[in-house]
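Okay, here's the thing in structure tokens:
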């Protein structure tokens with residue numbers, strides 16, 4: 001009866017020794033500049049799990065990250081421009097949000113800048129970027145269901 005308890009105690013002591021040795025030998029986790037800075041861009045959401053934090057502004061690795069009043073890394077929402085531009089909604093994860101790139105280097109910004117001028121057959125668009133870091137397909141779908149009721153978009 002006492003042998004399993006001794007084995008458990010020895011196993012726990014070995015696990016603790018390995019953990020402490022690894023902490024001494026491995027470099028410390030980055031917490032300031034870099035690290036998990038993106039967690040500050042999020043807040044709890046009862047349906048989606050998390051959403052963007054409104055009016056967040058910070059510079060990380062020389063790149064300015066700023067969210068609008070709705071918590072998206074996009075300009076403030078505006079009313080339709082009298083149908084001059086096709087309003088296109090983009091949902092997705094960190095690729096859509098534009099992680100590690102400047103605002104004007106996101107694919108949605110590049111597409112918006114090129115449509116109507118460089119793309120002969122595509123009309124000018126107004127890109128509505130609602131990407132959130134870490135979202136999966138299910139969250140993006142739920143976000144679409146919620147967004148289609150509150151926003152006006154054409155595609």
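In the numbering used here, the protein residues as written are 1 to 155. A virtual CB, placed ideally from N, CA and C, is assigned to each residue, including glycine. Remember, it's a predicted structure, so these values are computed and weren't measured experimentally.
Residue i to residue j, Cα distance in whole Å?
i, j, result
"residue 2", "residue 10", "12 Å"
"residue 95", "residue 124", "22 Å"
"residue 92", "residue 111", "16 Å"
"residue 115", "residue 131", "20 Å"
"residue 48", "residue 148", "15 Å"
"residue 103", "residue 58", "13 Å"
"residue 163", "residue 108", "Only positions 1 to 155 of the chain appear in the structure, and residue 163 is not among them; the question remains open."
"residue 56", "residue 21", "38 Å"
"residue 37", "residue 100", "12 Å"
"residue 71", "residue 128", "13 Å"
"residue 27", "residue 78", "47 Å"
"residue 45", "residue 142", "12 Å"
"residue 12", "residue 24", "19 Å"
"residue 155", "residue 86", "8 Å"
The beta strand (DSSP E) with residue i in it runs from where to where?
i, result
"residue 127", "125-129"
Per DSSP, residue i forms a beta bridge with which residues?
i, result
"residue 44", "50"
Span of the alpha helix (DSSP H) holding residue i?
i, result
"residue 3", "2-25"
"residue 138", "137-150"
For the ligand ADP, is there a heavy atom less than 7 Å away from the beta-carbon of residue i?
i, result
"residue 99", "Absent from the structure shown: the ligand ADP. Ligands present: none."
What are the uninterrupted segments assigned as beta strand (DSSP E) that are 3 or more residues long and contained completely in the stretch 50-118, given in chain order?
Listed in chain order, the complete beta strand (DSSP E) runs (minimum 3 residues) inside the stretch 50-118 are 57-60, 63-66, 86-90.
Would you check if the stretch 58-65 and the stretch 135-144 touch, i.e. whether three or more CB-CB distances between them fall below 8 Å?
Segments in contact, no.
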